[in-house]
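Shown next, in structure tokens, is the structure this report addresses.
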Amino acid sequence: MSKEEKLMFKLGIYSTGRVRCDMPNYLKIALAWYSRWEEGGENHAITNYHHYINLAEEFGFCQVEEATTSW
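Take the numbering used here: the last position of the sequence shown gets the number 65, and nothing is skipped along the way.
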């Protein structure tokens, strides 16, 4: 399992079976930041991740359902 897949599993995001390149850009960015926060010892990495997704949803980049259930 790749590091990205482990992070997604930890955050409760599961693959729909589509290819990796189908992952929306906002989710790729959120996962990259989550990884950086976690490696830096940030205690609120998951909270920060969800805050990023909420901001993306607020500005129309995604829907909450997409952010939590699919690539």
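Think of the CB as a built atom: it goes at the ideal place given N, C-alpha and C, for glycine as much as any other residue.
For residue i, does the three-state DSSP call read helix, strand or coil?
i, result
"Asn37", "coil"
Can you give me the Cβ contacts of residue i inside the same chain, cut-off strictly under 7 Å, excluding the 5 residues immediately before and after it?
i, result
"Ala24", "Tyr43, Tyr46, Ile47"
Smallest Cα separation from residue i: which of the options?
i, options, result
"Ala50", "Leu21, Lys4, Phe3, Lys0", "Leu21"
Leaving aside the five residues before and after residue i along the sequence, list all residues of the same chain whose C-beta is less than 6 Å from its C-beta, in chain order.
i, result
"Glu33", "none"
"Ala39", "Tyr28, Trp31, Glu32"
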